[in-house]
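Protein sequence lines correspond, in order, to chains A and B.
Under the numbering used here, the first residue of the first sequence carries the number 15, and numbering increases by one thereafter.
Under the numbering used here, the first residue of the second sequence carries the number 15, and numbering increases by one thereafter.
Virtual Cβ for every residue (Gly too), placed ideally from N, Cα, C.
Keep in mind it's a predicted model, so treat the numbers as computed, not measured.
Worksheet: the structure to be examined is printed underneath.
2 protein chains.
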Amino acid sequence: MNAYQPPTDDMQFVLSRVLNAPQQLQALPAFAEVDAALMHQVLEQAGKFVGEVIAPLNRIGDEVGAKWHDGQVTMPPGFKAAYQAFWQSGWPALAASAEDGGQGLPSVLEAMLYEMLSAANHGWTMAPGLLHGAYECIKHHGSASLQALYLEKVATGEWLATMCLTEPHAGSDLGLARTKAVPLADGRYAVSGTKIFISGGEHDLSENIVHLVLARLPDAPPGPKGLSLFLVPKFYPDGTRSRVHCDRIEEKMGLHGSPTCVMRFDQAVCDLVGEPCKGLRAMFVMMNAARLHVALQGIGLLDAAWQKANAYAQERRQMRAPGRGKSSAEADLIAEHPAMRRILDTQRAWVDAGRLLAYRTALELDQIKHSPDTEVQTAAQRWCALVTPVMKSVFTQQAFHGGSDCLQVFGGHGYVREWGIEQIVRDARVAMIYEGTNEIQAIDLLVRKVLPDGASAMNALLDSLQAEIGASDPNGLAAHARIAKLRAMTAQIIAAAPQDAALPFRVADDYLRAVALVLIDAAWLRIEGCLDAQNPNASARWQAPAQALRNWVLPEFEMRAAIIAAQCAFIVTPLATSLNAPLTAPLATPLTASIG
Amino acid sequence: MNAYQPPTDDMQFVLSRVLNAPQQLQALPAFAEVDAALMHQVLEQAGKFVGEVIAPLNRIGDEVGAKWHDGQVTMPPGFKAAYQAFWQSGWPALAASAEDGGQGLPSVLEAMLYEMLSAANHGWTMAPGLLHGAYECIKHHGSASLQALYLEKVATGEWLATMCLTEPHAGSDLGLARTKAVPLADGRYAVSGTKIFISGGEHDLSENIVHLVLARLPDAPPGPKGLSLFLVPKFYPDGTRSRVHCDRIEEKMGLHGSPTCVMRFDQAVCDLVGEPCKGLRAMFVMMNAARLHVALQGIGLLDAAWQKANAYAQERRQMRAPGRGKSSAEADLIAEHPAMRRILDTQRAWVDAGRLLAYRTALELDQIKHSPDTEVQTAAQRWCALVTPVMKSVFTQQAFHGGSDCLQVFGGHGYVREWGIEQIVRDARVAMIYEGTNEIQAIDLLVRKVLPDGASAMNALLDSLQAEIGASDPNGLAAHARIAKLRAMTAQIIAAAPQDAALPFRVADDYLRAVALVLIDAAWLRIEGCLDAQNPNASARWQAPAQALRNWVLPEFEMRAAIIAAQCAFIVTPLATSLNAPLTAPLATPLTASIG
Numbered sequence: 015m016n017a018y019q020p021p022t023d024d025m026q027f028v029l030s031r032v033l034n035a036p037q038q039l040q041a042l043p044a045f046a047e048v049d050a051a052l053m054h055q056v057l058e059q060a061g062k063f064v065g066e067v068i069a070p071l072n073r074i075g076d077e078v079g080a081k082w083h084d085g086q087v088t089m090p091p092g093f094k095a096a097y098q099a100f101w102q103s104g105w106p107a108l109a110a111s112a113e114d115g116g117q118g119l120p121s122v123l124e125a126m127l128y129e130m131l132s133a134a135n136h137g138w139t140m141a142p143g144l145l146h147g148a149y150e151c152i153k154h155h156g157s158a159s160l161q162a163l164y165l166e167k168v169a170t171g172e173w174l175a176t177m178c179l180t181e182p183h184a185g186s187d188l189g190l191a192r193t194k195a196v197p198l199a200d201g202r203y204a205v206s207g208t209k210i211f212i213s214g215g216e217h218d219l220s221e222n223i224v225h226l227v228l229a230r231l232p233d234a235p236p237g238p239k240g241l242s243l244f245l246v247p248k249f250y251p252d253g254t255r256s257r258v259h260c261d262r263i264e265e266k267m268g269l270h271g272s273p274t275c276v277m278r279f280d281q282a283v284c285d286l287v288g289e290p291c292k293g294l295r296a297m298f299v300m301m302n303a304a305r306l307h308v309a310l311q312g313i314g315l316l317d318a319a320w321q322k323a324n325a326y327a328q329e330r331r332q333m334r335a336p337g338r339g340k341s342s343a344e345a346d347l348i349a350e351h352p353a354m355r356r357i358l359d360t361q362r363a364w365v366d367a368g369r370l371l372a373y374r375t376a377l378e379l380d381q382i383k384h385s386p387d388t389e390v391q392t393a394a395q396r397w398c399a400l401v402t403p404v405m406k407s408v409f410t411q412q413a414f415h416g417g418s419d420c421l422q423v424f425g426g427h428g429y430v431r432e433w434g435i436e437q438i439v440r441d442a443r444v445a446m447i448y449e450g451t452n453e454i455q456a457i458d459l460l461v462r463k464v465l466p467d468g469a470s471a472m473n474a475l476l477d478s479l480q481a482e483i484g485a486s487d488p489n490g491l492a493a494h495a496r497i498a499k500l501r502a503m504t505a506q507i508i509a510a511a512p513q514d515a516a517l518p519f520r521v522a523d524d525y526l527r528a529v530a531l532v533l534i535d536a537a538w539l540r541i542e543g544c545l546d547a548q549n550p551n552a553s554a555r556w557q558a559p560a561q562a563l564r565n566w567v568l569p570e571f572e573m574r575a576a577i578i579a580a581q582c583a584f585i586v587t588p589l590a591t592s593l594n595a596p597l598t599a600p601l602a603t604p605l606t607a608s609i610g
Numbered sequence: 015m016n017a018y019q020p021p022t023d024d025m026q027f028v029l030s031r032v033l034n035a036p037q038q039l040q041a042l043p044a045f046a047e048v049d050a051a052l053m054h055q056v057l058e059q060a061g062k063f064v065g066e067v068i069a070p071l072n073r074i075g076d077e078v079g080a081k082w083h084d085g086q087v088t089m090p091p092g093f094k095a096a097y098q099a100f101w102q103s104g105w106p107a108l109a110a111s112a113e114d115g116g117q118g119l120p121s122v123l124e125a126m127l128y129e130m131l132s133a134a135n136h137g138w139t140m141a142p143g144l145l146h147g148a149y150e151c152i153k154h155h156g157s158a159s160l161q162a163l164y165l166e167k168v169a170t171g172e173w174l175a176t177m178c179l180t181e182p183h184a185g186s187d188l189g190l191a192r193t194k195a196v197p198l199a200d201g202r203y204a205v206s207g208t209k210i211f212i213s214g215g216e217h218d219l220s221e222n223i224v225h226l227v228l229a230r231l232p233d234a235p236p237g238p239k240g241l242s243l244f245l246v247p248k249f250y251p252d253g254t255r256s257r258v259h260c261d262r263i264e265e266k267m268g269l270h271g272s273p274t275c276v277m278r279f280d281q282a283v284c285d286l287v288g289e290p291c292k293g294l295r296a297m298f299v300m301m302n303a304a305r306l307h308v309a310l311q312g313i314g315l316l317d318a319a320w321q322k323a324n325a326y327a328q329e330r331r332q333m334r335a336p337g338r339g340k341s342s343a344e345a346d347l348i349a350e351h352p353a354m355r356r357i358l359d360t361q362r363a364w365v366d367a368g369r370l371l372a373y374r375t376a377l378e379l380d381q382i383k384h385s386p387d388t389e390v391q392t393a394a395q396r397w398c399a400l401v402t403p404v405m406k407s408v409f410t411q412q413a414f415h416g417g418s419d420c421l422q423v424f425g426g427h428g429y430v431r432e433w434g435i436e437q438i439v440r441d442a443r444v445a446m447i448y449e450g451t452n453e454i455q456a457i458d459l460l461v462r463k464v465l466p467d468g469a470s471a472m473n474a475l476l477d478s479l480q481a482e483i484g485a486s487d488p489n490g491l492a493a494h495a496r497i498a499k500l501r502a503m504t505a506q507i508i509a510a511a512p513q514d515a516a517l518p519f520r521v522a523d524d525y526l527r528a529v530a531l532v533l534i535d536a537a538w539l540r541i542e543g544c545l546d547a548q549n550p551n552a553s554a555r556w557q558a559p560a561q562a563l564r565n566w567v568l569p570e571f572e573m574r575a576a577i578i579a580a581q582c583a584f585i586v587t588p589l590a591t592s593l594n595a596p597l598t599a600p601l602a603t604p605l606t607a608s609i610g
């Protein structure tokens, strides 16, 4: 079994050559001293740490897993030492402000670090992965006294943190949450209730754990607008233990290295974070960053799966590949078989495009934080709002489905634990669910972000994409044609939606996929525009994935367009008997048939 | 967690009402006494046994799993007793000939039994699942003396059996197998070598295990034509133990209830089955039946996943569904959300079509065995040759991917063990690999079965499908149009293939998917043709899946057609700059970029 190797050369190429990140960032006052050499050095050090310290713990994390006993959770062997080395080296605080004990580097470097960490060891990475949201939350919403006690500890990762949102009956629908917070005489609160699916709710990695908990004050309205945010640590700064208990951890499909805890709050004394009844708003501030990190998990895991499958395919021989002459070997390499090349090149097309789009999104987050230019800010906000749900959905989906394709390259060997590929598929599956299910991402995009402004933000985004794409070659022309079709598709949905409230929800997933394909296409055109024609060896690395993209990935766009057109056509002209029209009116279907 | 319930009413509807199976079968002399009442009774009894005895063992099979110790394998608690009850009730011998101790019933009943068994407990079902191929093999190729010793024991399932094909370096490519057989003075042989991935190679379910082993005689040529088939039992009929050893069992992604064994043959005394060097031919006789059973595993597992997701979606409430008025409940049922309905109805569309196509294939196998009419025989052979690889591929794929969609209906609860849905996804994954990987099924269809005769068999199959489809309504017309396009697509590939040996291998998967969609479409038209217009309640059950098929499943057909057309167009007119043309010539891609 070969462990994941951080592909720092490819990452560097995308960051510097394609995205011009160092130049972009140096133009910002906050990063005036962040030059290409520094970024390169940080990336190489991160890659070394990930490859040497984190990747080797991936398998033991899966096989031994986190263990619960009597309220305590013991992490797999090696996890604690690796985490101590991680925070003491300053990695969690890479992008935190210097005044909070951080290094004040750009978010894009943090994004690249997390791509590598997730690829190397998704389970281990869950623990520090939650720090950044908690840090932003305390920084932007915590009182001065709360910040004095917790901010630096969380920023540096000396103390780990959790987000306690979900309850047994309230998953995607946080408005149903029932956990209660009661005011105490001293201005603090006591929180009571049970939260589930709390990643890292209990463990032995850090000496303290800071929980951010959504709960309802006595006089709060029902629904999401009645939720407030509270902070309760495992140990108070004076060393006393809080009334927060880990009742058990879940048995899961994968991600065994991360304890998924049931946390019971038993009148636990806590502090309010931000204003009463504005808890969701406080948590959603960092939503784009959190969703981008989940997309990066997908990209990293898919790259890890590709690396394994590629190595295996370059080593093992089975049967004769078509069009190959007789060789001295008794069979050809798996990598030479067209069906296997298709799998390998296709995953690489996704990884490369994903990397570019994710780094770009992280750079836009840096612009949002640091650019003095309001126009740049607006464009960056727009990019993040529209692109982040797309990234979260398609790259977590591709990690699972493309990871499964990579498993297929191993034949029967892929199904057994030995090669580690099946672990990637099991681990990756969760990312399609958490941080907002992929279906919710699609609704977020279409229903919450595209429809309300009549697609004006989406069309502005498409304008900016089009401005980047040349129209002098067939691939550029095809990209322009797809963008035009996406605009038309958007208009179709806007026109049909008023007549059928369910329509946008029904086609949200198709719409998100269509947007994703346009983004990925544009990403590849940018990559191709940066290849060095004088250096055919360097270009060759990118040719097969580019071709796989056009042969096997982009044709999905027309299918999504056709699905959406048929749904909209039906609504607009209900009597049409077009061949593409659905059998009966979507809402006319008697749900009772199955609801019974 | 709700266990799988055999849907015998739906199965019965497809078998009797849609396929007219009892009438068809009673026309055959062998089944003159098999009437609708008997078939119904067998099905109900099978459903009862599966639901009461086999389904409840599914979870313990996964959690405890098969255990290896010092060459012995202990099956999970309850497995042995269930197996003893199974064979003693005569279930393994349902379709075996009466003269071999069987019940002489049609294959289609056996197929239906295995659909239910696989849905209920894939791991347990692996053990008896291998009996039928071994029975056919010994029956058709074993010597009289071998048959006297083994045939009835295997037919009845008193002794279980294995197929020992794969070796560490020879998976899909059996021609690389190195296991040796040396003739002994008494006319028998001694076989030596290591076989891997042997399902049920060792266990405690039956008192003996019969291994059918591919091995090479000393003077045999290299490659697949040098393989002979041998029989070696765990215990010889005189009670002595053979030199067959289980060295270990694999740790797998799923299917923990089935031991996947490494078997070492250490000069094990054995008998030749059939003629020397015709071992593969002997094994491939039952290939269509074996692949159909794997397709049925997919259909069964997908149905089990659907059942779980549907039950959960009818019970749990999250958020408001669009277009629903305020109700007294604080949220709407998951089943009322369009994205979830889409998942549920789509899987049902696959299951229903799969069931019809699989039962039909089993009926064609019955015709092959028993019809006196050579024309019927020829058509049945054609159906099985062309349809079986399609079924194996698409339904195992759908079990995994559609099973994963069903997992998504549970949100975070789907990822934890509690609800049993993640087990289905893990278990189902293996079926995409064994009995010929899905990529090999696609090559089998296009390269071995469609291209060699210039698609004449495929076109004859399409003729017969078209004859079944009315052209009086839009859906029928659309189906005819798709079939016409499939013919054109086939002709395109035939025209382009001579110029590029790799082309058919590159598009084989798209071609198989296109054929599958045509078959599924035709299956649904048959189902719809049998609905009782007088009974809207009965029809309502089928409407939502039919609509999901047309809304979400069939649009893939045009995508596959476009992919194939682009690949063929490129070959035929290499200088074309069509927007759909791939970037560079497929074979011109320097493989060295990644091989290097």
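Within the 9 Å Cβ cut-off, does residue i reach chain B?
i: A:Gly185; result: yes
i: A:Gly189; result: yes
i: A:Lys266; result: yes
i: A:Ile541; result: no
i: A:Ser206; result: no
So which residues of chain B does residue i contact, with C-beta pairs closer than 7 Å?
i: A:Ala515; result: Pro336, Gly337
Show which residues of chain B have a CB atom less than 8 Å away from the CB atom of residue i.
i: A:Trp566; result: Ile577
i: A:Val430; result: Glu264, Glu265, Lys266, Met267, Thr274
Residue j and residue i - do their beta-carbons sit closer together than 9 Å?
i: A:His154; j: A:Val299; result: yes
i: B:Ser256; j: B:Cys291; result: no
i: A:Ile152; j: A:Leu226; result: yes
i: A:Tyr203; j: A:Trp138; result: no
i: B:Val408; j: B:Leu526; result: yes
List the residues of chain A whose Cβ lies closer than 8 Å to the Cβ of residue i, in chain order.
i: B:Ile180; result: Residue identity check: residue 180 of chain B is Thr in the sequence provided, not Ile. Chain A residues near B:Thr180: Gly426.
Three-state secondary structure (DSSP) at residue i?
i: B:Cys178; result: strand
So residue i contacts chain A; which residues on that side make the cut at Cβ distance below 7 Å?
i: B:Pro352; result: Ala516, Phe519, Arg520
Can you find a C-beta in chain A that's less than 9 Å from the C-beta of residue i?
i: B:Ser407; result: no
i: B:Ala456; result: yes
i: B:Arg501; result: no
i: B:Pro569; result: yes
i: B:Phe45; result: no
i: B:Pro512; result: no
Under the assumption that residue i contacts residue j (Cβ atoms under 8 Å), give the Cβ distance between them as a whole number of angstroms.
i: A:Lys94; j: A:Leu219; result: 5 Å
i: A:Leu306; j: A:Thr176; result: 19 Å between Cβ atoms; not a contact.
i: B:Ala112; j: B:Gly104; result: Going by Cβ atoms, the distance from B:Ala112 to B:Gly104 rounds to 11 Å, so no, they are not a contact pair.
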